[in-house]
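Notes to accompany the following structure.
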Amino acid sequence: MDVRDGFIVGIFNYCDGWCQACAFTSRCRVCADIAEMEASLDPNLKPIVDAPVLPQEEPPPPPRWLQELLDDMNTAAAECQKEEGASEAWPRRQVLPGHERLETRANSYSVSVHAWLRTHDGFARSSDCHDPRAVIGWFHMLIPAKVARALRGLADDDPAGRTWPADHDGSAKVALVGIERSHAAWLQHVSDQVVTGGHVQDFVRELAWMRDEIDRIFPTARAFVRPGFDEPEEMAKLLAAEGV
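Following this line, the structure appears as structure tokens:
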């Protein structure tokens, strides 16, 4: 686990985006940036945001080799912008043959649940992250996004050209987290007799199908180690070192 300035590097790449339910917000650079932006918009906090950086908090300049590398990268990026066609939109990445059905059904689940929630106001209004209603409401939008990213990442992957864990496995794992939490939430409501009807059973079956299909297409996704989330021993060492 790589920690820089107290933040876990890359933790936000494989999270579910539900910051209110996350125990790692204080370790997330994105959350810190959002908090800083919100503070800058609050007139009561403006003096704090605009305060100059203390000398001891001023980051040291990068070493010469790193600065030269950054300069070269900036120059290369500027030259790419000048090339013909640089302003055209990037083509949408394709999904491998045989995988389209997973993306289609993930999107269909999201649309169907969204329509169902609109007719069940009690579900739509719930925001308690421990409430199964909130779990269903949150993840029905996340699942198709993570499925799409995983499928397109797999289509573009070149295993021989990388020495790091596959990003598509990380995205697939987040999709699995959302699917399994949603599946459990629906079953909880059925058990509690909060909801009944064929639509709910259809949702449960769709989630089970998507789970099995992701496991088939991404057989190593569950073994993917998400920074922070899947590193309890490293987190324990970090907290112990900081005296927490």
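For the sequence shown, the working numbering gives the first residue as 4, with consecutive numbering after it.
Built from N, CA and C at the ideal position, the CB exists for glycine as well.
All of these numbers come straight from a predicted model, not from anything done at the bench.
TODO: Could you check if GLY140 is buried or exposed, using at least 16 other CB atoms within 10 Å of its CB as the buried criterion?
DONE: buried
Task: Helix, strand or coil at VAL12 according to DSSP, with G and I counted as helix - done: coil
Task: Of the residues GLU41, ARG225, ALA79, the one placed nearest ASP170, counting alpha carbons only - done: ARG225
TODO: Between the Cα of LEU145 and those of ARG208, VAL177, GLN23, spot the shortest distance and give me the residue it belongs to.
DONE: VAL177
Open item on the list: Taking 8 angstroms as the threshold (beta carbon to beta carbon), is GLN23 in contact with chain B?
Closed with: Included in the structure is just one protein chain, with no chain B present.
Task: For THR28, the nearest candidate out of GLU41, ILE14, MET40 (CA to CA) - done: ILE14
Open item on the list: Please report the straight-line C-alpha distance between CYS34 and ASP19, rounded to a whole angstrom.
Closed with: 13 angstroms
- [ ] Kindly indicate which residue of SER174, PHE142, HIS133, SER43 has the alpha-carbon position closest to the one of ARG155.
- [x] SER174
- [ ] Tell me where the alpha helix (DSSP H) around THR122 begins and ends.
- [x] From DSSP, THR122 is part of no alpha helix (DSSP H); its letter is neither H nor E.
TODO: Report back the beta-carbon spacing between TRP212 and ARG136 to the nearest angstrom; my notes put them in contact at under 8 angstroms.
DONE: Incorrect: roughly 23 angstroms between the Cβ atoms, too far for contact.
Open item on the list: Quick check on the burial criterion: 16 or more other C-beta atoms within 10 angstroms. Buried or exposed for ARG184?
Closed with: buried
TODO: Using beta-carbon positions only, say whether ILE37 and PRO230 come within less than 8 angstroms of one another.
DONE: no
Task: Which listed residue (ASP131, SER130, ASP74, SER113) has its alpha carbon closest to that of ALA151 - done: SER113
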